[in-house]
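Chemist: Submitted below is the structure of interest, expressed as structure tokens.
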Amino acid sequence: MLSRVANSIYWMCRYIERAENVARFISVNLNLLLDMPAEGGKQWEPLVAITGDQKFFEDNYNEYSKESVINFLTFDRRYFNSIVRCLALARENARSIREIISSEMWEHLNNFYLEMADSRHHAMAFKDPHKFFKIIQMRSHLFTGLLDSTMSHGEAWHFARMGMMLERADKTSRILDVKYFMLLPQVDMVNTPVDNIQWTAVLKSASAFEMFRKEHHLITPRLVAGFLILDKNFPRSIRHCVNNAQASLHRIMSGSTSGSGGSTSAEKLLGRLAADLKYTDIEDVVNEGMHQYLDRLQTRINQIDGAVGTTFFNIKHLFETKASQQQKGSLNP
232 MLSRVANSIY WMCRYIERAE NVARFISVNL NLLLDMPAEG GKQWEPLVAI TGDQKFFEDN
292 YNEYSKESVI NFLTFDRRYF NSIVRCLALA RENARSIREI ISSEMWEHLN NFYLEMADSR
352 HHAMAFKDPH KFFKIIQMRS HLFTGLLDST MSHGEAWHFA RMGMMLERAD KTSRILDVKY
412 FMLLPQVDMV NTPVDNIQWT AVLKSASAFE MFRKEHHLIT PRLVAGFLIL DKNFPRSIRH
472 CVNNAQASLH RIMSGSTSGS GGSTSAEKLL GRLAADLKYT DIEDVVNEGM HQYLDRLQTR
532 INQIDGAVGT TFFNIKHLFE TKASQQQKGS LNP
């Protein structure tokens with residue numbers, strides 16, 4: 232497969248997953264606000280804090296209000312991780328590989344972008360945000376379903392799944408980080424009824440509440456974190472995502488004429504992370520500190536992504552610049 236094609240399908244799916252998960256971040260906050268008193272920007276600043284782009288936000292917005300943060304994370308095309316910007320980039324990648332993906336995938340993604348980019352729909356994000364961000368999640372689920380049901384599960388599909396799984400693992404860790412940042416100024420609320428409400432909201436925002444309750448009777452920080460990080464069966468847990476990404480990478484390498492028997496940096500880094508997650512328990516996470524563990528995990532996932540780019544996409548002179556721009560989200564549609 233051409234590196235250009237592999238690069239495009241990998242990033243197309245990462246951007247779709249990223250758009251969905253930004254919607255999930257906002258849903259976490261909206262769910263928490265239903266049960267917690269509003270305190271100015273204190274309830275909205277954490278959403279920007281976990282992106283690491285506070286400076287960019289503060290350079291362009293005056294305050295951490297509901298309207299400012301939703302606009303920044305959803306509609307601001309200047310911000311390379313906003314939902315509309317991610318959908319634009321996903322659509323541009325899909326346009327370049329229309330001969331590889333199915334027509335149903337292209338039509339759905341094109342309509343998805345046009346719907347979100349239409350200013351007539353922007354009012355819904357502020358009038359009925361729960362419904363608006365749920366629509367984004369459902370549109371993303373439909374795209375994933377079309378990917379699985381209308382595209383041959385060959386090399387291109389495995390690049391798509393690998394990109395999607397790495398993005399999902401990273402963003403599940405950030406959904407947990409939303410909870411961490413929400414509690415920073417309220418340490419005295421740990422283990423209180425309000426704390427339990429917050430953990431329930433996190434589970435619901437990861438579509439994990441029902442599956443969690445099938446396995447556990449009580450909602451505690453350790454059980455919730457263990458479920459979202461280490462459960463091997465739940466499809467949005469970090470361990471499950473990393474295992475699926477590793478399986479797809481193995482299939483790609485086994486079908487490659489230049490396969491190196493597991494010696495590429497991408498295989499090594501992904502294999503080590505999968506092994507660490509397999510033999511880690513929640514006590515290890517708690518002893519290190521959840522935020523510190525998640526931060527280190529995000530760094531490792533970024534390193535894997537860089538290794539995938541170096542191994543498969545960075546053909547000198549021709550594709551190196553484009554791959555770098557894609558990773559920074561800086562390509563204009």
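Numbering (the working numbering), first residue to last: 232 to 564.
Where is the CB? At the ideal position from N, CA and C, for every residue including glycine.
(1) Can you tell me the Cα-Cα spacing of S333 and C244, whole angstroms?
(2) Using the C-alpha atoms, what's the distance from Q274 back to K365?
(3) Check each candidate in L397, A356, A325 and name the one with the smallest Cα separation from V534.
(4) I332 by DSSP, collapsed to three states: which one?
(5) So that I know if they touch, is there some Cβ in chain C lying closer than 8 Å to that of R255?
(6) Roughly how many angstroms separate the alpha carbons of L261 and H361, rounded to a whole number?
(7) Only counting the same chain, and skipping five residues up and downstream in sequence, which positions put a Cβ closer than 7 Å to that of A348?
(8) What three-state label does DSSP hand P463 in the structure shown?
(9) Could you name each continuous alpha helix (DSSP H) segment of 4 residues or more that falls completely within the stretch 315 to 398, going from the start of the chain to the end?
(10) Give me, in chain order, the residues of the same chain whose beta-carbon lies closer than 7 Å to that of S327; leave out the 5 immediate sequence neighbours on both sides.
(11) In whole angstroms, what is the alpha-carbon distance linking Q429 and E386?
(12) Could you work out which residue in F440, L508, M484 is closest to D462 when comparing CA atoms only?
(13) Please tell me whether R470 and I460 are closer than 8 Å, where the distance is taken between their beta carbons.
(14) So S436 packs on L528, CB below 8 Å; how close in whole Å?
(15) Report the residue from S496, A319, M336 whose alpha carbon sits nearest the alpha carbon of R308.
(16) What is the residue span of the alpha helix (DSSP H) that I450 lies within?
(17) Do you know how far the Cα of R467 is from the Cα of R196?
(18) Assign D512 to one of three DSSP states: helix, strand, or coil.
(19) Check for me: the alpha helix (DSSP H) holding I301 runs from which residue to which?
(20) Is E386 near the ligand GTP, in the sense that its beta carbon is under 7 Å from a heavy atom of that ligand?
(21) Mind reading off the beta-carbon distance from R392 to N475? Whole number of angstroms is fine, and I expect it under 8 Å.
(22) Look at the Cβ atom of A538, then the Cβ atom of A497, and state whether they are nearer than 8 Å.
(23) Taking the continuous alpha helix (DSSP H) assigned at L649, which residues delimit it?
(24) What separation, rounded to the nearest whole angstrom, lies between the Cα atoms of A400 and K358?
(25) Closest by CA to N291, which one among T305, Y310, L278?
(26) Would you give the residue range spanned by the alpha helix (DSSP H) that A439 belongs to?
(27) With a threshold of 16 other CB atoms inside 10 Å of the CB of K410, please say whether the residue is buried or exposed.
(28) Are the beta-carbon atoms belonging to W242 and N324 less than 8 Å from one another?
(29) Let me know the secondary structure DSSP gives Y241 once reduced to three states.
(30) DSSP three-state call for D536: helix, strand or coil?
(31) Using a Cβ-Cβ cut-off of 6 Å (strictly less than) and excluding sequence neighbours within five positions of F458, which residues of its own chain qualify?
(32) To the nearest angstrom, report how far apart G486 and K402 are at their CA atoms.
(33) Any idea what DSSP makes of Y246, helix, strand or coil?
Modeler: Well, looking at it:
(1) Rounded to whole angstroms, S333 to C244 spans 14 Å at the Cα level.
(2) In this model, K365 and Q274 are separated by some 20 Å (Cα to Cα).
(3) The residue you asked about is not Val; residue 534 is Gln in the sequence shown. Ranked by Cα distance from Q534, the first of L397, A356, A325 is L397.
(4) DSSP places I332 in coil when its eight states are reduced to three.
(5) Note that chain C does not occur in the displayed structure, where there is just one protein chain.
(6) Separation of L261 and H361 (C-alpha to C-alpha, rounded to the nearest whole angstrom) is 7 Å.
(7) Within the same chain, A348 has close Cβ partners V315.
(8) Position check: residue 463 holds Lys in this sequence, whereas Pro was assumed. DSSP places K463 in coil when its eight states are reduced to three.
(9) Assignment of alpha helix (DSSP H) within the stretch 315 to 398, counting only whole runs of 4 or more residues, yields 334 to 348, 353 to 358, 360 to 381 in chain order.
(10) Around S327, the same chain offers S239 as residues with beta carbons nearer than 7 Å, after the five sequence neighbours per side are excluded.
(11) The alpha-carbon of Q429 is positioned some 41 Å away from that of E386.
(12) The shortest Cα separation from D462 among F440, L508, M484 belongs to L508.
(13) Taking 8 Å as the Cβ cut-off, R470 and I460 qualify as a contacting pair.
(14) Contact between S436 and L528 is ruled out by a C-beta separation of about 19 Å, above the 8 Å threshold.
(15) R308 has its Cα closest to that of A319, out of S496, A319, M336.
(16) For I450, there is no enclosing alpha helix (DSSP H), as DSSP marks it with neither H nor E.
(17) Given that the chain is displayed from residue 232 to residue 564, the structure contains no residue 196 and the question cannot be resolved.
(18) If DSSP states are grouped into helix, strand and coil, D512 belongs with coil.
(19) For I301, the enclosing alpha helix (DSSP H) has its first and last residue at 297 to 305.
(20) In the structure shown, the ligand GTP is absent, as is every other ligand, since no ligand is present at all.
(21) Confirmed, Cβ separation roughly 7 Å.
(22) Cβ distance < 8 Å, so A538 and A497 count as in contact.
(23) Nothing can be reported for residue 649, as the shown portion of the chain is limited to 232 through 564.
(24) So the alpha carbons of these two residues sit roughly 31 Å apart.
(25) When only C-alpha atoms are compared, the closest one is Y310.
(26) First-last for A439: undefined, no H or E at that position.
(27) Its Cβ being crowded by 16 or more others within 10 Å, K410 is buried.
(28) Against a cut-off of 8 Å, the Cβ pair of N324 and W242 comes out as a contact.
(29) The answer is helix: DSSP assigns Y241 an H, G or I state.
(30) Residue state, collapsed to three classes: helix.
(31) The residues are F443.
(32) G486 and K402: Cα-Cα distance of roughly 29 Å.
(33) Note: Y246 maps to helix in three-state DSSP.
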